[in-house]
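Undergrad: Have a look at this one before I ask anything.
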Amino acid sequence: MNMRERRDAGMAYVSDGSVLEEQAVCRRLLQKLNFMDRSDFDGLSEVIKELLGKSEGAWINPPFYCDYGSHIEVGKNFFANYNCTILDVAKVRIGDNCQLAPNVAIYTAGHPIYPDTRNSAYEYGKEVVIGDNVWIGGNTVVCPGVRIGDNVVIGAGSVVTKDIPDWSVAAGNPCKVIRKITEEDKRKLFRDEEIDDEAWKAIQEKMNI
Numbered sequence: 678m679n680m681r682e683r684r685d686a687g688m689a690y691v692s693d694g695s696v697l698e699e700q701a702v703c704r705r706l707l708q709k710l711n712f713m714d715r716s717d718f719d720g721l722s723e724v725i726k727e728l729l730g731k732s733e734g735a736w737i738n739p740p741f742y743c744d745y746g747s748h749i750e751v752g753k754n755f756f757a758n759y760n761c762t763i764l765d766v767a768k769v770r771i772g773d774n775c776q777l778a779p780n781v782a783i784y785t786a787g788h789p790i791y792p793d794t795r796n797s798a799y800e801y802g803k804e805v806v807i808g809d810n811v812w813i814g815g816n817t818v819v820c821p822g823v824r825i826g827d828n829v830v831i832g833a834g835s836v837v838t839k840d841i842p843d844w845s846v847a848a849g850n851p852c853k854v855i856r857k858i859t860e861e862d863k864r865k866l867f868r869d870e871e872i873d874d875e876a877w878k879a880i881q882e883k884m885n886i
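Quick note: the sequence shown, position 26, residue 703 per my numbering, numbers continuous.
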């Protein structure tokens, strides 16, 4: 197997010349995205579409960093705020209506623990999967191999090392489930504050709830 095939199979691999050729394509797109006029919304949208491929309504506030771009799959209405990083050595699969706050980092890349083995330049990637309707708070790190379920909120500053189930609020280092999300949360805005009547009426009409 060549190094690309080993990488894509989740096996130990080395970033040889053929791997770096793939990364170079992504880096040229990131150079364009991260240094273009940030008020050029149409231009940014075109580069985002080229970077992520199949996507519908995806938006990224630059700067943004990733290894390949082509290994990232996003659903409808994906949003990444400023300074997000996705190390997409392995696939990163993200569902519909997902939001990443500033400085979120999703890592699929890893290295051996033992020093001599690590110094051999062999590394690996393990897939990360994120479900639909997930909001990940600022400065959160999602580690290799993690699966985050549907309808989840991850609190700011979390380090997600293990899977998080559907309909959960989770936070901390390491990230743990704090509670389930219920119907009582439907009108919540911030802590115990509720959405005002005018906005709530507009939300009900827009979302048919």
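Beta carbons are placed, not taken as given, at the ideal position from N, Cα and C, and that holds for glycine.
1. Among the candidates 863, 732 and 832, whose CA atom is the shortest distance from the CA of residue 853?
2. Please tell me whether residue 769 and residue 748 are closer than 9 angstroms, where the distance is taken between their beta carbons.
3. Throw me the rounded Cβ distance for the residue 841 and residue 825 pair, which I believe falls under 8 angstroms.
4. Going straight from the alpha carbon of residue 877 to that of residue 870, what length do you get?
5. Pairing CB atoms from the stretch 803–821 with CB atoms from the stretch 773–788, are three or more of them under 8 angstroms?
6. Between the alpha carbons of residue 875 and residue 881, how many angstroms are there, rounded?
7. What residues in its chain sit with their C-beta under 6 angstroms from that of residue 742, if we drop five residues either side in the sequence?
8. Which residue from 767, 737 and 694 puts its Cα closest to that of residue 713?
9. Can you list, in chain order, the residues of its chain with a C-beta nearer than 6 angstroms to that of residue 829? Leave out the 5 residues immediately preceding and following it.
10. What does a CB cutoff of less than 6 angstroms around residue 690 pick up in its chain, not counting 5 residues either side in sequence?
11. So what does residue 764 bridge to, in DSSP terms?
12. Please state the DSSP three-state secondary structure of residue 747.
13. Let's test the definition: count the other Cβ atoms within 10 Å of the Cβ of residue 835 and tell me whether it reaches 16, buried, or not, exposed.
14. For residue 872, which three-state DSSP category applies?
15. Whole beta strand (DSSP E) runs in the stretch 697–755 with 3 or more residues, listed along the chain?
16. Could you pull the DSSP bridge partners for residue 776 from this structure?
17. On the three-state DSSP scale, how would you describe residue 694?
18. Looking only at its chain, what residues have a beta carbon closer than 7 angstroms to the beta carbon of residue 794, apart from the 5 residues adjacent to it on each side?
19. Could you pull the start and end residues of the alpha helix (DSSP H) that residue 684 belongs to?
20. Which of helix, strand or coil does DSSP assign to residue 857?
TA: With the structure as the only source:
1. As a first step, residue 853 is located in the sequence shown; it is residue number 176 there, counting from the start. Proximity to residue 853 across 863, 732 and 832 peaks at 832, based on C-alpha coordinates.
2. Position 92 of the sequence shown, counting from 1, holds the residue named residue 769. Position 71 of the sequence shown, counting from 1, holds the residue named residue 748. Residue 769 is a Cβ neighbour of residue 748, given a cutoff of 9 angstroms.
3. The residue you call residue 841 lines up with position 164 of the sequence shown. The residue you call residue 825 lines up with position 148 of the sequence shown. So it is a contact: roughly 5 angstroms between Cβ atoms.
4. Taking the sequence shown and counting its residues from 1, one reaches residue 877 at position 200. Taking the sequence shown and counting its residues from 1, one reaches residue 870 at position 193. So the alpha carbons of these two residues sit roughly 13 angstroms apart.
5. Contact between the stretch 803–821 and the stretch 773–788 is present, because at least three Cβ pairs lie under 8 angstroms.
6. In the sequence shown, residue 875 corresponds to position 198, counting from 1. In the sequence shown, residue 881 corresponds to position 204, counting from 1. Note on geometry: alpha-carbon atoms of residue 875 and residue 881 lie some 10 angstroms from one another.
7. For the purposes of this step, residue 742 is identified with residue 65 of the sequence shown, where counting begins at 1. Taking C-beta separations shorter than 6 angstroms and ignoring five residues to either side along the sequence, the partners of residue 742 in its chain run 762, following chain order.
8. Taking the sequence shown and counting its residues from 1, the one referred to as residue 713 is at position 36. Checking every option, the nearest Cα to that of residue 713 belongs to 737.
9. In the sequence shown, counting from the first residue as 1, residue 829 sits at position 152. Apart from sequence neighbours up to five positions away, the residues of its chain that approach residue 829 with a beta-carbon distance below 6 angstroms are 811, 841 and 845, ordered along the chain.
10. In the sequence shown, the residue the question calls residue 690 occupies position 13. Around residue 690: 680, 683 and 684.
11. In the sequence shown, residue 764 corresponds to position 87, counting from 1. DSSP, once it has assigned bridges, lists 784 as partnering residue 764.
12. Taking the first residue of the sequence shown as 1, we reach residue 747 at position 70. Of the three classes helix, strand and coil, the one that applies to residue 747 here is coil, per DSSP.
13. By one-based count along the sequence shown, residue 835 stands at place 158. So residue 835 ends up on the buried side.
14. Working through the sequence shown from its first residue, we reach residue 872 at position 195. In the three-state scheme derived from DSSP, where H, G and I count as helix and E and B as strand, residue 872 is classed as coil.
15. 741–743 and 749–751, all fully within the stretch 697–755.
16. In the sequence shown, counting from the first residue as 1, residue 776 sits at position 99. Beta-bridge pairing links residue 776 to 756 and 812.
17. Against the sequence shown, residue 694 aligns to sequence position 17. Under the three-state reduction of DSSP, residue 694 is assigned to helix.
18. Position 117 of the sequence shown, counted from the first residue, corresponds to residue 794. Correct list: empty, nothing qualifies.
19. As a working note, residue 684 is residue 7 in the sequence shown. Residue 684 -> alpha helix (DSSP H) spans 680–685.
20. On the sequence shown, position 180 is the one that residue 857 refers to. DSSP places residue 857 in the strand class (E or B) of the three-state scheme.
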